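Numbering (the numbering used here), first residue to last: 157 to 292.
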């Protein structure tokens, strides 16, 4: 099984979310050339983090999952630990930058609970992509 999960297979994604605490999602659109170029690097990063659930979410195909958030640019990255959004924002399509961010957030969660900050201010209070996927 690929570490990368396509959200058009929500059953497979749900299975991963039932056993993994971390969700790393790239919120994108099929027409976005930047996203399409970034996809391979994102998939390779997923292989480096097998303990996390990586998802590629096309916001048009799965609009119901992201209707409560505003996505202004692509790629938009979501990093979530259980139901807590640790990061939601646009990032340069650079897998090494995302890897450093994931590692940094993971280290900080070991000693401190996730708090709302400028990193996740765009996510409404109590919004959880993980919960929405599991309920779908």
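Glycine included, every Cβ here is placed at the ideal spot set by N, Cα and C.
Bear in mind that the values here come from a model prediction, so they are computed numbers and not experimental data.
Item	Value
Contained alpha helix (DSSP H) runs [length at least 4] in the region 238-271, N- to C-terminal order	251-267
Whole-angstrom distance between residue 238 and residue 177, CA atom to CA atom	5 Å
Other residues of its chain near residue 290: CB distance less than 8 Å, five sequence neighbours each side excluded	170, 173, 174
Residues sharing a beta bridge with residue 214, DSSP	184
Residue 208 - DSSP class collapsed to helix/strand/coil	strand
Rounded distance between the beta-carbons of residue 225 and residue 242, thought under 8 Å	The pair is not a contact, with the Cβ atoms about 14 Å apart (cut-off 8 Å).
Helix, strand or coil at residue 233 [DSSP, three-state]	strand
Per DSSP, the bridge partner or partners of residue 178	208, 237
Rounded C-alpha distance that separates residue 183 from residue 196	15 Å
For residue 279, the first and last residue of its enclosing alpha helix (DSSP H)	Element bounds for residue 279: n/a, residue is neither H nor E.
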